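Asker:
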Amino acid sequence: MSETVEKLARVRKYLKTHGLEGIVLLSRANFAWLSGGGDSHIVSQSERGFGALVVTAKQALLVANRIEIDRIANEETVSAFTPKSFPWIQSLADALPKILGANIKKFASDDADGTGLQKLPGDFIYECRAELCEPEIRRYKALGRDCSLVMETVCRQTQVGDSEFQVEADMAKHLLARGIQPYVLLVAFDQRILRYRHPTPTINHLKRCGMLVICGARGGLIACLTRLIHFGPIPEDLQKRHESVCRVDGAFWNATKVGTPYGKVLQAGIDQYKKEGFAKEWELHHQGGPTGYAGRDIVATPDEKRVVLDKQAVAWNPSITGTKAEDTFIVDGANRIVLTASSPDWPMTKVTVGGEAFSRPSILVR
């Protein structure tokens with residue numbers, strides 16, 4: 009079964025479950041998912057793309073205005089969808105009734121604002137998108153390798169005196185050269201690592217310590233990782249904190265088992281924070297959760313009831329003031345596929361949590 013055939017079957021099962029005539033997928037994330045990696049964006053800061061995928065029990069359509077229709081139809085992975093265009097002087101909301109027909113009120117959309125459609129009922133991500141198929145896993149592995157390579161390249165090239173802006177630009181350059189969109193790029197040097205969990209880059213110049221974060225997107229899939237570098241010997245307190253955050257990360261990984269509620273996985277990490285002597289640190293930043301076509305499909309909270317799925321991508325990001333751990337992996341039965349694994353020459357910290365041994369990236373000493 010091809011990727012598109014499998015996904016259309018999931019969508020049509022969703023339609024039947026919720027009593028819908030069809031759905032209109034407008035978000036870039038869902039366009040990429042259903043098309044198998046297609047790109048509908050023009051404006052990089054917009055979550056809504058410039059093409060829509062429409063699915064009914066019998067039809068699969070690509071809908072876009074006349075400016076965009078040929079490029080999307082010719083260059084993106086949409087051969088399974090019949091193209092339908094409308095004049096650029098019309099809005100999509102005006103064009104949809106004619107394209108969809110009389111039963112438009114029985115259609116739903118992932119971005120219903122201004123369309124006259126109802127919002128997608130239920131949990132579309134969990135019912136259709138969360139479990140990755142084999143072609144997606146292959147693309148995700150390649151993306152993860154490339155993001156890790158970019159991260160390590162920039163970490164090894166960064167010098168004392170560089171600004172956070174410079175390092176951000178270096179990461180973006182290397183990502184874009186590989187067809188990867190910078191979804192999130194964070195950089196903090198020295199005191200800013202201690203102050204901010206989401207350090208957007210500034211003119212601040214590197215003296216000793218740097219933290220770099222990449223969330224890179226290609227074909228809609230997003231891979232996330234964090235690494236730290238230090239010029240000169242690592243202070244003892246920072247080293248201990250990093251070992252602690254690696255054990256917290258290990259607790260998250262160890263608890264991420266098929267069928268386990270994400271709230272329970274989060275609790276395993278919270279318990280490890282307490283064991284490490286940093287009981288309140290988890291309250292200073294979200295800890296991550298399942299990912300895929302969004303930075304996080306769910307940000308895990310203590311009362312989250314949705315469970316870990318097989319073939320689901322996950323990225324935990326525990327932090328203890330001054331340091332952080334983050335990588336992306338896919339749950340693979342009782343195993344895991346680490347997408348953003350470090351190269352053999354990156355230093356690693358070995359920890360054991362819940363009877364399971366982990367090697368997590370150390371702070372790179374320059």
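Residue numbers (this note's numbering): 9 to 374.
Cβ coordinates follow ideal geometry from the N, Cα and C atoms, glycine included.
A quick note: this is a predicted structure, and the numbers were derived from the prediction, not measured.
#1: Are there 16 or more other CB atoms within 10 angstroms of the CB of Asn82, so buried, or fewer, so exposed?
#2: Can you check DSSP and say which residues form a bridge with Glu364?
#3: Looking only at its own chain, which residues have a Cβ that is under 7 Å from the Cβ of Ala225, when we skip the five neighbours before and after it?
#4: I'd like to know if Pro209 contacts chain C, where contact means its C-beta is closer than 8 Å to some C-beta of that chain.
#5: What residue ranges within the region 197–271 form continuous beta strand (DSSP E) runs of no fewer than 3 residues, ordered along the chain?
#6: What are the boundary residues of the beta strand (DSSP E) that Ile31 is part of?
#7: Pick helix, strand or coil for Gln275, following the three-state DSSP scheme.
#8: For the region 228–240 and the region 152–159, state whether three or more C-beta atom pairs, one from each stretch, are separated by less than 8 Å.
#9: Is it buried or exposed for Lys332, if we count other Cβ within 10 angstroms and need 16 for buried?
#10: Quick check: the region 240–253 against the region 162–182, are at least 3 beta-carbon pairs closer than 8 Å?
#11: Would DSSP call Ala349 helix, strand or coil?
#12: On the premise that Phe39 lies in contact with Ser48, defined as a C-beta separation below 8 Å, what is that separation, rounded to the nearest angstrom?
#13: Among the residues of its own chain, which have a CB less than 7 Å from the CB of Gly330, if the five just before and after it don't count?
#14: By Cβ distance below 8 Å, which residues in the same chain neighbour Ile338 in space, the five residues on each side in sequence not counted?
#15: Drop a sphere of 10 angstroms on the beta-carbon of Trp290, count the other beta-carbons inside from all chains shown, and report buried for 16 or more, exposed for fewer.
#16: Please identify the residue among Leu194, Gly27, Leu23, Val63 whose C-alpha is closest to the C-alpha of Thr12.
#17: Tell me which same chain residues have a C-beta within less than 6 Å of the C-beta of Lys313, skipping the five on either side of it?
#18: Please return the same chain residues whose Cβ sits closer than 6 Å to the Cβ of Val195, not counting the five positions on each side in sequence.
#19: Count the other CB atoms within 10 Å of the CB of Asn111; is the residue buried (16 or more) or exposed (fewer)?
#20: Round the Cβ separation of Thr123 and Ala101 to the nearest angstrom and send it over; I've been treating them as touching at under 8 Å.
#21: To the nearest whole angstrom, what separates the beta carbons of Arg186 and Asp198, a pair I think is in contact under 8 Å?
#22: My output table needs one value for Ala380: the three-state DSSP class, helix, strand or coil.
#23: May I ask you to report which of helix, strand or coil DSSP gives Ile112?
#24: Taking C-beta to C-beta, are Pro310 and Gly258 nearer than 8 Å?
#25: Curious, which full-length beta strand (DSSP E) runs of at least 3 residues does the region 59–108 contain?
Answerer: Result, derived from the coordinates:
#1: Using a 10 angstroms sphere on the CB of Asn82, the tally of other CB atoms stays under 16, which defines it as exposed.
#2: Paired residues: Val361.
#3: Apart from sequence neighbours up to five positions away, the residues of its chain that approach Ala225 with a beta-carbon distance below 7 Å are Ile188, Gln189, Tyr191, ordered along the chain.
#4: This model lacks chain C altogether, as it is built from one protein chain only.
#5: Counting only runs of 3 or more, we get 217–226, 229–238.
#6: Per DSSP, Ile31 belongs to the beta strand (DSSP E) from 30–35.
#7: Correct three-state label for Gln275: helix.
#8: Of all C-beta pairs linking the region 228–240 to the region 152–159, three or more are shorter than 8 Å, placing the two stretches in contact.
#9: Burial check for Lys332: the Cβ neighbour count within 10 Å reaches 16 or more, so the residue is buried.
#10: With a cut-off of 8 Å, the region 240–253 and the region 162–182 do not count as touching, because too few Cβ pairs lie within range.
#11: Ala349 carries a coil assignment under DSSP once its states are collapsed to helix, strand and coil.
#12: 4 Å between Cβ atoms; contact.
#13: Ile201, Leu202, Leu246, Arg249.
#14: Leu140, Ile145, Tyr148, Lys319, Gln320, Ala321, Val322, Arg344, Ile345, Leu347.
#15: A buried status is given to Trp290, since no fewer than 16 other beta-carbon atoms sit within 10 Å of its beta-carbon.
#16: Nearest option by C-alpha distance: Val63.
#17: Closer than 6 Å at Cβ, skipping near neighbours: Pro269.
#18: The residues are Glu172, Val175, Glu176, Pro209, Leu220.
#19: When all chains shown are included, Asn111 counts as exposed.
#20: Contact flag correct, Cβ pair sits at about 5 Å.
#21: Between Arg186 and Asp198 a beta carbon distance of about 29 Å is seen, past the 8 Å cut, so the two are scored as non-contacting.
#22: Any answer about residue 380 is impossible in this case: the structure gives the chain only from 9 up to 374.
#23: DSSP, reduced to helix, strand and coil, places Ile112 within a helical segment of the structure shown.
#24: No.
#25: Fully enclosed beta strand (DSSP E) runs of no fewer than 3 residues occupy 68–73, 90–94 of the region 59–108, in order along the chain.
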